[in-house]
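This report refers to the structure that appears directly beneath it.
Chains as they are written, first to last, in our numbering: chain D, 138 to 540; chain W, 1150 to 1441.
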């Protein structure tokens, strides 16, 4: 589950990680009062106004309605309202969103942390994630902060370091020191970095995250180390033990069709193609999407109906699929094992009749337990449904209906 | 012989008396699997499906000589169940449970290193040695006896491949469903290695999907050590970047874990890659030289 920057920072703070402080605002009227309160708490006189959306590249992104960037600096309390107006309620287009952008429902007004002082501020990159090959969590970090890490990895891979954490003992002091040394720090800043890294890793395990990306981590001019941004992704499978984090889910950031499917117990991802599919099992669902492509179409979705492909689920799946006007055909591919094909076939026929008229051709491929009975049921239903037994046959029928 | 499980395996079911455990234990017994009992803490001493119920895996090992376990317990308790099985000396642990938190599995993977055991899964369909033992949730009748091994991350796609292999005039020795999670006990390479060393397996079907680099590691191993033909398929060519496709592990992150990149690596390592999942069986038959 993805979180907003302000939510991620609140979790980090709970585990003792220093962050750039801020206040969240969802109404323009609240902006100035909130900024004043922030000044009371932090002493800041400049403010950074940041759009809160689930996409990166906000700083360079543009708000469609106002042409403002997604992250802007207000040099004084008198400029706060105007800067917030430029972002809040608009649609922010970044390199990671589509052309329409994402609606900004909340902005974070944050303290200015790039103030002058005894030393130059410097920015670093830091993330915590799973190394799948090793089966262990790693801390990935770089001196090249504030930049796109993929570009750093491509152009200067020697500037990216990795530290592997032993799950039996967690992060150790020598590892935190190594990281601080590799980032070129000394004195107070060195010590602050070792504390920052240690708490960050503890937060990662403590909140059951599946990714932390802090870019940049800032060493301030007075040698503090803080998270200026926070991209936090939590492990959906572990939310049962964190009901307070589960409540942070922002449904407005998700595709409404995905949400509806999830509520119906269907695993659905909307895509841009013209042939919809309904499959049992994730691997077979991906393979079915591939078959659609080899038949001259493009998949309109990924949809795993799970182990119990009964009439009710099939009907819900039909409803979700048919909301997409681009769908020209539907391919149902069920490999019946424990679930019997004739039951699924009956489910398809019943769902079809309940919905009434389905305006696109349907190809049903049922294989496995009672496949022969299932084909008979489909063929004798009198509906606009083509049956197939072999996967290749199904592919050929998709080609026919698209021709 | 076959790999991992056979007719001599003494199988126990962890989560025996729950609805999933009961249903699939019945199916396994009907297939002919030697199920010697099950474990449900607190229900030890009773019987279920005419088999003894034990309070702990250790008790099942001591009293029934169990050496294989299949786990159906809910995700919150599954990590504990795997570690209990390893600690009790179970040799092959098959975990069907879907939805175990990743950080739990990080700890499990580390913990079981100290024991002489092999974990299959989690989030997998299990293992079947045709006509000998089914330790999983797959439809047994699809896996006609023969000499082709299957390694796959996915359930229904494994059944699809087994069905195609049978229709092409061949059959299955052992099919291993390794699971679709980011952390799994047995990797693609390890499963392929088991089948390469199995005298009763003549060819291997290796089915992968987007995300991670398990298939690439297996392919490089096959290039160096392979002595049997391998047919490969990678699902998810049409999946968009950054979206999880059902399996927690099926997500394209970088340049190397797209279906296209994986297929290229497989081909470079001498694996017979099919682009369409409908061609898995025919391709194997063509290579082995069998016509249906």
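Using N, Cα and C, we set each Cβ at its ideal position, and we do this for glycine too.
Computed from a predicted structure; not experimentally measured.
Bridge partner(s) assigned by DSSP for residue i
{"i": "residue 1358 of chain W", "result": "W:1384"}
{"i": "residue 248 of chain D", "result": "D:184"}
{"i": "residue 503 of chain D", "result": "D:471"}
{"i": "residue 350 of chain D", "result": "D:264, D:368"}
{"i": "residue 1201 of chain W", "result": "W:1196"}
Contact list for residue i against chain D, beta-carbon separation under 7 Å
{"i": "residue 1306 of chain W", "result": "418, 420, 421, 424"}
{"i": "residue 1303 of chain W", "result": "418, 419, 420, 421"}
{"i": "residue 1142 of chain W", "result": "In the structure as shown, chain W starts at 1150 and stops at 1441, and residue 1142 of chain W therefore has no counterpart that could be examined."}
{"i": "residue 1312 of chain W", "result": "504"}
{"i": "residue 1389 of chain W", "result": "408"}
{"i": "residue 1474 of chain W", "result": "This structure gives no information on residue 1474 of chain W, because the portion of chain W shown stretches from 1150 to 1441."}
Beta-carbon neighbours of residue i, restricted to chain W and to distances below 8 Å
{"i": "residue 267 of chain D", "result": "1251, 1255, 1331, 1332"}
{"i": "residue 374 of chain D", "result": "1224, 1248, 1249, 1250, 1251, 1397"}
Spatial distance of residue i from residue j (CA atoms)
{"i": "residue 516 of chain D", "j": "residue 470 of chain D", "result": "16 Å"}
{"i": "residue 139 of chain D", "j": "residue 1154 of chain W", "result": "41 Å"}
{"i": "residue 201 of chain D", "j": "residue 189 of chain D", "result": "15 Å"}
{"i": "residue 439 of chain D", "j": "residue 1234 of chain W", "result": "36 Å"}
{"i": "residue 1356 of chain W", "j": "residue 389 of chain D", "result": "37 Å"}
{"i": "residue 1425 of chain W", "j": "residue 529 of chain D", "result": "9 Å"}
{"i": "residue 1236 of chain W", "j": "residue 1206 of chain W", "result": "9 Å"}
{"i": "residue 1192 of chain W", "j": "residue 488 of chain D", "result": "42 Å"}
{"i": "residue 512 of chain D", "j": "residue 150 of chain D", "result": "59 Å"}
{"i": "residue 360 of chain D", "j": "residue 318 of chain D", "result": "15 Å"}
{"i": "residue 394 of chain D", "j": "residue 403 of chain D", "result": "11 Å"}
{"i": "residue 447 of chain D", "j": "residue 480 of chain D", "result": "7 Å"}
{"i": "residue 1200 of chain W", "j": "residue 1286 of chain W", "result": "19 Å"}
{"i": "residue 1242 of chain W", "j": "residue 506 of chain D", "result": "28 Å"}
{"i": "residue 1352 of chain W", "j": "residue 1296 of chain W", "result": "7 Å"}
{"i": "residue 223 of chain D", "j": "residue 235 of chain D", "result": "20 Å"}
{"i": "residue 1182 of chain W", "j": "residue 1245 of chain W", "result": "17 Å"}
{"i": "residue 1319 of chain W", "j": "residue 454 of chain D", "result": "36 Å"}
{"i": "residue 419 of chain D", "j": "residue 326 of chain D", "result": "48 Å"}
{"i": "residue 180 of chain D", "j": "residue 346 of chain D", "result": "32 Å"}
{"i": "residue 316 of chain D", "j": "residue 296 of chain D", "result": "12 Å"}
{"i": "residue 1309 of chain W", "j": "residue 338 of chain D", "result": "43 Å"}
{"i": "residue 397 of chain D", "j": "residue 442 of chain D", "result": "13 Å"}
{"i": "residue 378 of chain D", "j": "residue 1350 of chain W", "result": "44 Å"}
{"i": "residue 1274 of chain W", "j": "residue 1221 of chain W", "result": "11 Å"}
{"i": "residue 1414 of chain W", "j": "residue 1365 of chain W", "result": "6 Å"}
{"i": "residue 354 of chain D", "j": "residue 184 of chain D", "result": "18 Å"}
Chain W residues whose Cβ lies nearer than 7 Å to that of residue i
{"i": "residue 342 of chain D", "result": "1252"}
{"i": "residue 270 of chain D", "result": "1362"}
{"i": "residue 307 of chain D", "result": "What residue 307 of chain D touches in chain W: nothing, since even the nearest Cβ is about 11 Å away."}
{"i": "residue 506 of chain D", "result": "1288"}
{"i": "residue 406 of chain D", "result": "1392, 1394"}
{"i": "residue 274 of chain D", "result": "1255"}
{"i": "residue 345 of chain D", "result": "1250, 1252"}
{"i": "residue 529 of chain D", "result": "1427"}
Under 9 Å from the C-beta of residue i: neighbouring residues of chain D
{"i": "residue 1287 of chain W", "result": "474, 475"}
{"i": "residue 1421 of chain W", "result": "The contacting residues do not exist; residue 1421 of chain W stays about 17 Å from chain D at best."}
{"i": "residue 1339 of chain W", "result": "Going along chain D, no residue has its Cβ under 9 Å from residue 1339 of chain W, so there is no contact; the nearest lies around 13 Å."}
{"i": "residue 1243 of chain W", "result": "Chain D residues near residue 1243 of chain W: none, gap ~16 Å exceeds 9 Å."}
{"i": "residue 1358 of chain W", "result": "419, 420, 423, 424"}
Cross-chain neighbours of residue i in chain D, by beta carbon under 8 Å
{"i": "residue 1369 of chain W", "result": "The premise fails here: residue 1369 of chain W is roughly 13 Å from chain D at the closest Cβ pair, so nothing lies under 8 Å."}
{"i": "residue 1282 of chain W", "result": "Within 8 Å Cβ-Cβ: nothing; residue 1282 of chain W doesn't reach chain D, min ~17 Å."}
{"i": "residue 1259 of chain W", "result": "272, 273, 303, 304, 305"}
9 Å Cβ cut-off: residues of chain W touching residue i
{"i": "residue 484 of chain D", "result": "Ordered by position in chain W, no residue passes the 9 Å Cβ test against residue 484 of chain D, which lies about 17 Å from the chain."}
Legend entry - Completely contained alpha helix (DSSP H) runs for the segment 261-337 of chain D, where each covers 4 or more residues: 286-292, 310-319
Inset, instruction - Would you mind listing the beta strand (DSSP E) stretches within the segment 361-404 of chain D that are 3+ residues and don't spill past its ends, in chain order? - result: 362-364, 368-371
Inset, instruction - Just list the alpha helix (DSSP H) runs in the segment 433-488 of chain D, keeping only unbroken ones of 4 residues or longer that don't cross its boundaries, in chain order. - result: 448-459
Legend entry - Segments of 3+ residues assigned as beta strand (DSSP E) that fall wholly inside the segment 1268-1353 of chain W: 1275-1278, 1282-1285, 1294-1301, 1321-1326
Inset, instruction - Evaluate the contact criterion for the segment 1320-1329 of chain W versus the segment 1302-1309 of chain W: three or more CB pairs, one atom per stretch, below 8 Å. - result: yes
Inset, instruction - Please determine if the segment 1412-1422 of chain W and the segment 1372-1380 of chain W are in contact, where contact requires at least 3 C-beta pairs separated by less than 8 Å. - result: yes
Inset, instruction - Please determine if the segment 330-347 of chain D and the segment 209-217 of chain D are in contact, where contact requires at least 3 C-beta pairs separated by less than 8 Å. - result: no
Inset, instruction - Would you check if the segment 420-436 of chain D and the segment 360-369 of chain D touch, i.e. whether three or more CB-CB distances between them fall below 8 Å? - result: no
Inset, instruction - List in chain order: all unbroken beta strand (DSSP E) runs of 3+ residues lying wholly within the segment 1158-1186 of chain W. - result: 1160-1163
Legend entry - Three or more C-beta pairs below 8 Å linking the segment 1382-1397 of chain W and the segment 1335-1344 of chain W: no
Legend entry - Three CB pairs or more closer than 8 Å across the segment 1174-1190 of chain W and the segment 1208-1226 of chain W: yes
Legend entry - contact_flag[the segment 299-317 of chain D, the segment 273-287 of chain D] where n(CB pairs < 8 Å) is 3 or more: yes
Inset, instruction - Indicate whether the contact test is met: 3 or more Cβ pairs, each with one atom in the segment 253-266 of chain D and one in the segment 223-236 of chain D, closer than 8 Å. - result: no
Legend entry - Given 8 Å, three or more beta-carbon pairs between the segment 245-260 of chain D and the segment 293-306 of chain D: no
Legend entry - Inter-stretch contact at 8 Å, needing at least 3 Cβ pairs: the segment 460-475 of chain D / the segment 407-415 of chain D: yes
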